[in-house]
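Numbering that gives the first Met the number 0 puts the first residue of the sequence shown at 0, with every later residue one more than the last.
Quick reminder that beta carbons are idealized off the backbone N, C-alpha and C, glycines included.
Notes for the one structure printed next.
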Amino acid sequence: MTLLAVEGLEKRFGGVQALAGLSLSLDEGGLLCLLGPNGCGKTTFFRVLSGETAADAGRIDFADRRLEGEGPAGRARLGIARKLQTPGLFAALTVAEHLALAAASPAAHGPVDAAALLARVGLGEHAETPAGRLSHGQRQWLEIAMLLALRPRLLLLDEPTAGMTRAETRRTAALLRELNDKDGVAAIVIEHDMAFVRELDVAVAVMLQGRVVATGSYAEVGRDPLVRELYLGKRA
Ligand SMILES: Nc1ncnc2c1ncn2[C@@H]1O[C@H](COP(=O)(O)OP(=O)(O)OP(=O)(O)O)[C@@H](O)[C@H]1O
Ligand SMILES: [Mg+2]
0 MTLLAVEGLE KRFGGVQALA GLSLSLDEGG LLCLLGPNGC GKTTFFRVLS GETAADAGRI
60 DFADRRLEGE GPAGRARLGI ARKLQTPGLF AALTVAEHLA LAAASPAAHG PVDAAALLAR
120 VGLGEHAETP AGRLSHGQRQ WLEIAMLLAL RPRLLLLDEP TAGMTRAETR RTAALLRELN
180 DKDGVAAIVI EHDMAFVREL DVAVAVMLQG RVVATGSYAE VGRDPLVREL YLGKRA
C-alpha cells in the first residue's frame with residue numbers, strides 16, 4: 000500500500016526553481032535514500048512535505064489523504080516527523096527528560112516505552128545523562144528517539160550522519176535498518192555519505208535540479224549512465 004504519493008511539486012524562491020516537478024512515492028513501511036548534489040532541492044522537498052513551506056504547485060497524498068491546506072502541526076499529527084539538520088536539544092536536560100518532552104507533544108500518538116526506545120537507539124545506559132554531555136552521534140540518536148516517541152508513520156531525516164565518525168555512521172545505518180525491519184518505521188533519508196547508502200542497501204531516489212531523475216536499488220541507480228555522469232561518478 001502506498002503511504003506517500005508526491006506528484007509534480009514545484010517551488011520557486013525568487014529566480015531559483017528549487018523544486019521543478021518532483022514526483023516520488025513510498026510504500027507503507029518503505030525506506031528510501033534521497034541523493035542529489037548540493038542545492039538540488041532535497042531540504043526544500045522535506046520542508047514542503049512537513050508543511051513548513053507551501054509549494055507553488057503539485058500534490059501530496061499521505062495515507063490516502065490530500066495534504067494541501069494542512070499546516071505543520073496537522074501533518075505532524077498525521078504522523079510526518081521531520082528531524083532538523085541542527086539538533087534542538089537542551090544541554091541541562093537529561094536524555095529521559097527529552098523523551099518525556101517529546102512524548103508530551105501534541106503530535107505524539109499514545110504512550111511510549113522509554114527504556115525500550117533508548118535501548119533501540121543505543122542510549123540505554125544514558126537515560127540520566129544530560130544532553131550536553133552526549134557525543135555528537137549520541138545527540139543525533141536522541142533526536143531520532145524523540146521522533147520515534149511520537150510514533151510517526153513517516154520519518155524524514157536530513158543528513159543524519161553529518162559530522163559523525165565512521166563508527167557512528169555505521170551504527171546509524173544499522174539503527175535505521177532495524178527500525179525499518181523490526182518496527183516497520185517508514186523513512187526517507189537525505190544522505191551525502193555514499194558509504195552509508197551502500198551499507199544501508201535500500202531503494203534510492205536521485206534528485207537533480209528540483210526533480211527525481213532516477214530511482215532503484217543503489218546498484219541499479221549506480222549503473223545509470225546519466226546518474227554516473229551527473230552525480231555518482233563525481234563522488235563515488
Ligand atoms: N528560503 C529560501 N530562500 C531562497 N532560496 C532558497 C531558500 N531555500 C532554498 N533555496 C534555494 O533553493 C535551492 C535548493 O535548496 P535546498 O536547500 O533544498 O537544496 P539541498 O538539496 O538540500 O542542498 P544541500 O545538499 O546543500 O543541503 C538552492 O538553490 C537554495 O539556494
Ligand atoms: Mg539540504
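Beta-carbon proximity of residue 196 to residue 213, cut-off 8 Å: The answer is no: Cβ separation not under 8 Å.
Alpha carbon of residue 179 to alpha carbon of residue 186, nearest angstrom: The straight-line gap from Cα to Cα measures roughly 8 Å.
Distance cut-off 7 Å: residue 82 Cβ against heavy atoms of ligand 2: Residue 82: no, Cβ never under 7 Å from ligand 2.
Three-state class that DSSP yields for residue 234 in the structure shown: Low confidence applies here, because residue 234 scores a pLDDT of 47, under 50, leaving its location unreliable and the question unanswered by this model.
Ligand 1 site residues, beta-carbon cut 5 Å against heavy atoms: Listed by chain position, these are 12, 15, 17, 37, 38, 39, 40, 41, 42 and 43.
Residue 60 Cβ short of 7 Å to ligand 2 heavy atom set: Not so, every heavy atom of ligand 2 lies at least 7 Å from the Cβ.
Status (buried if at least 16 other CB within 10 Å, exposed otherwise) for residue 159: Residue 159 counts as buried, since at least 16 other C-beta atoms from the protein chains shown sit within 10 angstroms of its C-beta.
Where residue 135 falls, given that 16 or more other Cβ within 10 Å makes a residue buried: With fewer than 16 other Cβ atoms within 10 Å, it is exposed.
Reduced DSSP secondary structure (H/G/I, E/B, other) of residue 94: Residue 94 falls in the helix class under three-state DSSP.
Check: residue 157 C-beta below 7 Å from any heavy atom of ligand 2: Yes.
Whole-angstrom distance between residue 211 and residue 234, CA atom to CA atom: Note on residue 234: pLDDT 47, under 50, position unreliable in the model; no value is reported.
Alpha-carbon to alpha-carbon, residue 117 and residue 74: Answer to the nearest angstrom: the Cα atoms are 25 Å apart.
Among 30, 42 and 102, nearest to residue 207 - alpha-carbon criterion: For the options 30, 42 and 102, the alpha carbon positioned closest to that of residue 207 is the one of 42.
Alpha-carbon to alpha-carbon, residue 67 and residue 139: Spanning the two alpha carbons is a distance of roughly 30 Å.
Distance, residue 183 Cα to residue 78 Cα: Between residue 78 and residue 183, the C-alpha separation is close to 14 Å.
Three-way DSSP call (helix, strand, coil) for residue 226 in this model: Helix.
Own chain residues within Cβ distance below 8 Å of residue 20, not counting five before or after: Cβ within range, chain order: 7, 8, 9, 57, 209 and 210.
Straight-line Cα distance separating residue 221 from residue 144: Those two C-alpha atoms are separated by around 32 Å.
Expected contact under 8 Å - CB spacing of residue 146 and residue 80 to nearest Å: The Cβ separation is near 4 Å, so the contact holds.
Distance between residue 64 and residue 94 (C-alpha atoms, nearest Å): Residue 94 and residue 64 have their C-alpha atoms spaced approximately 35 Å apart.
Length of the line joining the Cα atoms of residue 204 and residue 49: C-alpha separation (whole angstroms): 19 Å.
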